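Enquirer:
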Amino acid sequence: FRQRITTMNFHRAATLCRGQSSKLLAASRPSLANNAATSSSSRLFSAAPAAATTLPPSIPRVGAATAFPNEYPGQNYIFNWCLNADGVTPLQKCAFRITKPLDLKVAGLALPKSSPLNVNAKSDRSKVPEAGMTEALSFDTFDEVTQRTKDALSLSKGLYCPEGHAPNTKFGVRVITNSGKEDTLVSDLMAYLERMPKRDPTSQSVTCYVLGGPSCEEFAGYAIEEVEEQTEDGSREAISVATVVITGKKPSLKRVVAGGGFCG
């Protein structure tokens, strides 16, 4: 009888033990689930940097905006504003300021065959009259042709602007022309003019507007006028400036030099 009771107690104890084990296992399952979720989160977190390597579309857009101002050879804002003050607006965004041989290479033009270049344009002086001084060229006619020339230069595919001092003087000269790779006018002018000290572009004492092309009329003339200019101390003084206009199918170097009045 005692043995039967002992056996029953043993089975009861075993049943209780199994019940406690089941409760303990059930209680431990949420922890296992939490561990699994934590492990999964860890894996996802570790994989996050790989997914972040693909940049959103906004990054390139913002990066492109930081390239302001958008300048390149032939597109210089300061020089464009200076040309605008001279009455020519480079609408095609292609205007080269040429003050040295390297500028010719940047503009895709050939270097001059000789430098400095001597030009004798005395024979062409009589072919470039001064406006208002003779009946052959009135101020109204000169102003009309000048405006048409400025408008045509503004629409040109490319503008080439040699700058320098007139030989043996300190007068600044700027030539604005559309004659580029078709001839050597720009290269020869760069070789003819004396190199000026390097500085930001500004208005010059002599401005030559030279327009070439098959449909261009033959015209040559210049005008001298006085304008007020502000000095460094803030005062204003009157200075003389010259405007030269040369147009034709193929303007010559001698005609431009004679028109500028800076020939020797």
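For the sequence shown, my numbering assigns the number 212 to the initial residue and increments by one for each residue that follows.
Where is the CB? At the ideal position from N, CA and C, for every residue including glycine.
These figures come from a predicted structure and were not determined experimentally.
Comparing alpha-carbon positions, which option in Glu374, Asn291, Glu405 and Cys305 lies nearest Ser367?
Expert: Numbered from 1 along the sequence shown, position 156 holds the residue referred to as residue 367. The option with the nearest alpha carbon to Ser367 is Cys305.
Enquirer: If I measure Cβ to Cβ from Gln286 and keep anything under 6 Å in the same chain, skipping five residues before and after, which residues do I get?
Expert: Translated into the one-based positions of the sequence shown, residue 286 becomes position 75. Excluding positions up to five away in sequence, the list reads Lys304.
Enquirer: Considering only residues of the same chain and omitting the five flanking positions on each side of Gln441, which have a CB-CB separation below 8 Å?
Expert: To locate residue 441, count along the sequence shown from 1; it is residue 230. So the qualifying residues of the chain are Arg447.
Enquirer: I believe Met344 touches Gly375 by the beta-carbon criterion, under 8 Å. Please report the beta-carbon distance rounded to the nearest angstrom.
Expert: Translated into the one-based positions of the sequence shown, residue 344 becomes position 133. Translated into the one-based positions of the sequence shown, residue 375 becomes position 164. Contact flag wrong, Cβ pair sits at about 27 Å.
Enquirer: In terms of alpha-carbon separation, which member of Ile387, Thr352 and Tyr371 lies closest to Lys361?
Expert: Counted from its first residue, the sequence shown places residue 361 at position 150. It is Ile387 whose Cα lies nearest to the Cα of Lys361.
Enquirer: Distance, Cα to Cα, Cys372 vs Gly470?
Expert: What you label residue 372 is simply residue 161 of the sequence shown in a count that begins at 1. What you label residue 470 is simply residue 259 of the sequence shown in a count that begins at 1. Rounded to the nearest whole angstrom, the CA to CA distance from Cys372 to Gly470 is 16 Å.
Enquirer: Tell me which residues share the same chain as Ser365 and place their Cβ nearer than 8 Å to its Cβ, disregarding the 5 neighbours each side in the sequence.
Expert: Sequence index remark: in the sequence shown, residue 365 carries index 154 (1-based). Cβ neighbours of Ser365 within its own chain (closer than 8 Å, five residues either side excluded): Val299, Thr300, Pro301 and Leu302.
Enquirer: If Ser325 and Ala402 are in contact, beta carbons under 8 Å, what's the gap, nearest whole angstrom?
Expert: Translated into the one-based positions of the sequence shown, residue 325 becomes position 114. Translated into the one-based positions of the sequence shown, residue 402 becomes position 191. Rounded, the Cβ-Cβ distance is 7 Å, consistent with contact.
Enquirer: For Lys460, I'd like the list of residues in its chain whose CB is within less than 8 Å of its CB, leaving aside the five on either flank, ordered along the chain.
Expert: The residue given as residue 460 occupies position 249 in the sequence shown. These residues qualify, in order along the chain: Gly423, Gly424, Pro425, Cys427 and Glu429.
Enquirer: Give me, in chain order, the residues of the same chain whose beta-carbon lies closer than 7 Å to that of Lys465; leave out the 5 immediate sequence neighbours on both sides.
Expert: In the sequence shown, the residue the question calls residue 465 occupies position 254. The residues are Val330, Ala332 and Asp335.
Enquirer: Return the first residue and the last residue of the beta strand (DSSP E) that Gln441 is part of.
Expert: In the sequence shown, residue 441 corresponds to position 230, counting from 1. Taken as a continuous stretch (DSSP letters only), the beta strand (DSSP E) holding Gln441 covers Phe430 to Gln441.
Enquirer: Using 9 Å as the threshold, is the C-beta distance between Gly384 and Gly391 below it?
Expert: Start at 1 with the first residue of the sequence shown, and residue 384 comes out as number 173. Start at 1 with the first residue of the sequence shown, and residue 391 comes out as number 180. Checking the sequence, you will find Val at residue 384 rather than Gly. No, the Cβ-Cβ distance between Val384 and Gly391 is not below 9 Å.
Enquirer: According to DSSP, is Glu393 part of a helix, a strand, or is it coil?
Expert: Along the sequence shown, one-based indexing puts residue 393 at 182. Coil, per DSSP.
Enquirer: Starting from the C-beta of Phe353, find all residues in its chain whose C-beta is less than 6 Å away, skip the five residues before and the five after it, and write them out in chain order.
Expert: Here residue 353 is taken as the residue at index 142 of the sequence shown, counted from 1. So the qualifying residues of the chain are Ala342, Gly432 and Ala434.
Enquirer: Run through the region 335-400 for me and flag every whole alpha helix (DSSP H) of 4 or more residues, listed as ranges in chain order.
Expert: For the region 335-400, whole alpha helix (DSSP H) runs of length 4 or above, ordered along the chain, are 350-365.
Enquirer: What are the boundary residues of the beta strand (DSSP E) that includes Tyr283?
Expert: Taking the sequence shown and counting its residues from 1, the one referred to as residue 283 is at position 72. From DSSP, Tyr283 is part of no beta strand (DSSP E); its letter is neither H nor E.
Enquirer: Relative to the C-alpha of Asn389, which residue among Cys293, Ile289, Ala296 and Phe307 is closest?
Expert: Residue numbering aside, residue 389 sits at position 178 when the sequence shown is read from its first letter. Ranking Cys293, Ile289, Ala296 and Phe307 by CA distance to the CA of Asn389 puts Phe307 first.
Enquirer: Taking the straight line between their C-alpha atoms, what separation do you get for Ser251 and Pro284?
Expert: The residue given as residue 251 occupies position 40 in the sequence shown. The residue given as residue 284 occupies position 73 in the sequence shown. With a pLDDT of 46 at Ser251, under the threshold of 50, the modelled position of that residue is not reliable, and no figure is offered here.
Enquirer: In the DSSP assignment, find the unbroken alpha helix (DSSP H) run with Val330 in it and report its ends.
Expert: By 1-based counting over the sequence shown, the position of residue 330 is 119. Counting along the chain, Val330 falls outside any alpha helix (DSSP H), and DSSP gives it neither H nor E.
Enquirer: Which residues in the same chain have their Cβ closer than 6 Å to the Cβ of Val455, if we skip the five residues on either side of it in sequence?
Expert: To locate residue 455, count along the sequence shown from 1; it is residue 244. For Val455, where only same-chain residues beyond five positions count, the Cβ hits under 6 Å are Cys419, Tyr433, Gly470 and Gly471.
Enquirer: Taking the alpha-carbon of Thr380 as reference, which of Gly445, Glu405, Leu320 and Pro327 has the nearest alpha-carbon?
Expert: For the purposes of this step, residue 380 is taken as the residue at position 169 of the sequence shown. That would be Glu405, whose Cα lies nearest to the Cα of Thr380.
Enquirer: Tell me whether Ser451, by its Cβ, gets closer than 8 Å to a heavy atom of the ligand FAD.
Expert: Annotation note on the ligand FAD: not contained in the displayed structure, which lists no ligands.
Enquirer: Checking 9 Å against the spacing of the C-beta atoms, do Val417 and Ala377 come in under that value?
Expert: Indexing the sequence shown from 1 puts residue 417 at position 206. Indexing the sequence shown from 1 puts residue 377 at position 166. In contact: Val417 and Ala377 (Cβ atoms closer than 9 Å).
Enquirer: Rounded to whole angstroms, how far is the Cβ of Leu315 from the Cβ of Leu322, which I believe are closer than 8 Å?
Expert: Counting from one through the sequence shown, the residue named residue 315 turns up at place 104. Counting from one through the sequence shown, the residue named residue 322 turns up at place 111. Right, their Cβ atoms sit about 6 Å apart.
Enquirer: Report the rounded CA-to-CA distance for Ala347 versus Glu355, giving the unit in angstroms.
Expert: In the sequence shown, counting from the first residue as 1, residue 347 sits at position 136. In the sequence shown, counting from the first residue as 1, residue 355 sits at position 144. The straight-line gap from Cα to Cα measures roughly 14 Å.
Enquirer: Identify which residue in Glu393, Ala296 and Phe382 has its Cα closest to the Cα of Gly319.
Expert: To locate residue 319, count along the sequence shown from 1; it is residue 108. Taking only the C-alpha atoms, the option nearest Gly319 is Glu393.
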